[in-house]
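Asker: In our numbering, the protein residues as written are 46 to 550.
Just so it is clear, CB atoms sit at the ideal spot from N, CA and C, and this is done for glycine as well.
Computed from a prediction, not measured in an experiment: that's the story for all the values here.
Below: one structure in structure tokens.
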Amino acid sequence: MLAERSRLVDVLAALSLTTDLATGFPFERGSRACLVADGLARALELGPRDHRAAFLASLVRAIGCGHASENAALFGDDIAFERFLVTFDPGDEAVAGAQLAAFETIAGAAAMQKFLAVAPSVGPVAVRASCEVAASLGTQLGLPAAVVESFGDVFERWDGRGLPDGRAGEALHPIARIVGVCEQAAIAHALGGVGAARLEIARRAGGHLDPSLCEVFLANADEVLAPIEEADDLVDLVRASEPAPVLWFSAVDLERPCAALATFADLKGFHLIGHSPHVAGLAVEGARLAGFDEVDDLRVAALLHDVGRAGVVSSIWDRPGPLGAADRERVRLHPHWTERVLSSTPLLAPLAPLAAAHHERLDGSGYHRAARAADLSRGARLLAAADVFAAMTEDRPHRPAHTRDEAARSVQNEAVAGRLDPEMAAAVIEAAGARRPRTAWPNDLTDREVDVLRLTARGLSNKKIATSLVVSPRTVQNHLAAVYDKTGRRTRAGAAVFAVEHGLI
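As structure tokens, this is what we get:
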């Protein structure tokens, strides 16, 4: 059960890790920048409001990376492009040339040439889109106004050579100027420590970055960077360092920030927008129909089940043709990244196993853990069925959306084949507004045969089963014989294992 009152920074930390995936940086890049901002704000003696704004804006600065599909269409690897763009410095000719050469090595000559060709025309449009996405999601997250306003200038430069509008100097939002220094210092520090951070900030001063802020950073670099030099877990340190007043929200309000995080993940593909809330809606209604006692955890897990998509390039999600073996493996890893992200904070960690199980199957054929029925909770089984049904009724690059009835038949067939839970599949189908089918049990077992099998697996004798089901022992014996014939098992123990393998217990 989620706490009745939680800290917003927990959701923001998970979002920050998701943006790390989307921009190709190692985990905790955003956390590093956030902690640098905390130290720099102290050195600048900022007031509480600006201190908090710099802290939060640095943590989720990359929230606007919503142009992934368009970038993938232009450059192939949108993640490599995002990483290149964050550090690209057109104000230093020698450095810019080396950065372009490095991008060419990763993405190819065609991508590099395309960037040079389209940057003047496409760049402002793409960056403006990112700023709009950031502002919208920031508002939905409940971030302070100063944070949301700063997102409009995070790609601008002190020298006016930034995007989208080429604003310069004191015209830039003061929080965005701080974020710029902290981000570049954090990236450089991760690569080469305090010395590298000093060199990078000194080099960018007066060009990319506000020279007065750079001067303060350089004068206090050891003190500002000390926390990230010493910390074992940067996300925990972010939570401990949040400036007062701490931002809280109630359990009933948790859906709103989590929906913003889900939207960020769904922006990874042209056809994925709205998928996560679609799954959540089906899962919650399906849970109600299936008699779940509590649905809040399931709702949040369903919203966040696909945050790991951010770690897979958009060209894969948008590809109209079949995927090769390497790309299939990348796809199979996205539940792993979901689990890694959600496990990072105390608030969401309890939901990580559930959210990351949406591609698992009862027969062990799913991913990423190849879990089997005995390892999957009712919530995980319901989420898997909801994800399948939602995806089938949405357009995908390789096919149009299936009708509701077509999706219902396919989901039911998956249950018959032993991959989806029959009860959960039926609940999701009904939740979607289709007629709830008779539960389809594996190996063509009937409802009563499943009842007998379940009680047999619990060790009950034929006589006790008969009493429980209000039938004669002879009827139980006949049903049990049919179970043995249909399952190919000849012992109670063997039948019990069959029941566990197919999620009937």
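Apart from the five residues on each side of it in sequence, which residues of its chain come closer than 8 Å, Cβ to Cβ, to G84?
Answerer: N265, E268, V269, L270, A271 and P272
Asker: F294 lies in the beta strand (DSSP E); which residues open and close that run?
Answerer: W293 to S295
Asker: Nearest by alpha-carbon distance to A174: which of Q158, M157, G153 and D198 is it?
Answerer: D198
Asker: Taking C-beta to C-beta, are S295 and R52 nearer than 8 Å?
Answerer: no
Asker: Across the segment 393-405 and the segment 284-302, are there enough close Cβ pairs to call them in contact, namely three or more that are closer than 8 Å?
Answerer: no
Asker: Which full runs of the beta strand (DSSP E) of 3+ residues lie inside the segment 277-365, going along the chain?
Answerer: The segment 277-365 contains these whole beta strand (DSSP E) runs: 293-295.
Asker: Classify S103: buried if its beta carbon has 16 or more other beta carbons within 10 angstroms, exposed otherwise.
Answerer: S103 is buried by the Cβ-count criterion.
Asker: Taking Cβ positions, are H379 and G353 nearer each other than 8 Å?
Answerer: yes
Asker: Under 6 Å Cβ to Cβ from A156, same chain only, skipping five residues before and after it: list those, please.
Answerer: F120 and G121
Asker: Taking a contact to mean a Cβ-Cβ separation below 8 Å, would you say F434 touches V461 in this structure?
Answerer: No, the pair does not count as a contact, with Cβ atoms beyond the cut-off.
Asker: Contact check, V521 vs V497 under 8 Å by CB: the rounded distance?
Answerer: 6 Å
Asker: Name the residue from P487, A430, G211 and P445 whose alpha carbon lies nearest to the alpha carbon of A471.
Answerer: A430
Asker: For A464, name the three-state secondary structure that DSSP assigns.
Answerer: Sequence inspection shows Arg at residue 464; the Ala mentioned does not correspond to that position. Here R464 sits in coil by DSSP.
Asker: Of the residues A190, T184 and A235, which one's Cα is nearest the Cα of H218?
Answerer: A190
Asker: Count the other CB atoms within 10 Å of the CB of P467; is the residue buried (16 or more) or exposed (fewer)?
Answerer: buried
Asker: Just to confirm my understanding: we take L145, look at its own chain, exclude 5 residues before and 5 after, and list those with CB closer than 7 Å. What are they?
Answerer: If we look at L145 and ignore the five residues flanking it on each side, its Cβ neighbours are M157.
Asker: Could you name the residues that DSSP lists as bridge partners for A477?
Answerer: DSSP, once it has assigned bridges, lists no residue as partnering A477.
Asker: Is the segment 311-322 close to the segment 107-119, with three or more CB pairs under 8 Å?
Answerer: yes
Asker: What do you reckon, are the CB atoms on G252 and D65 nearer than 8 Å?
Answerer: no
Asker: As a quick exercise: from L428, R444, G75 and D210, pick the residue whose alpha carbon is nearest that of R364.
Answerer: R444
Asker: On the premise that L258 lies in contact with R222, defined as a C-beta separation below 8 Å, what is that separation, rounded to the nearest angstrom?
Answerer: 6 Å
Asker: Within 10 angstroms of its Cβ, does A154 collect 16 or more other Cβ (buried), or is it exposed?
Answerer: exposed
Asker: Using the C-alpha atoms, what's the distance from A307 back to N458?
Answerer: 29 Å
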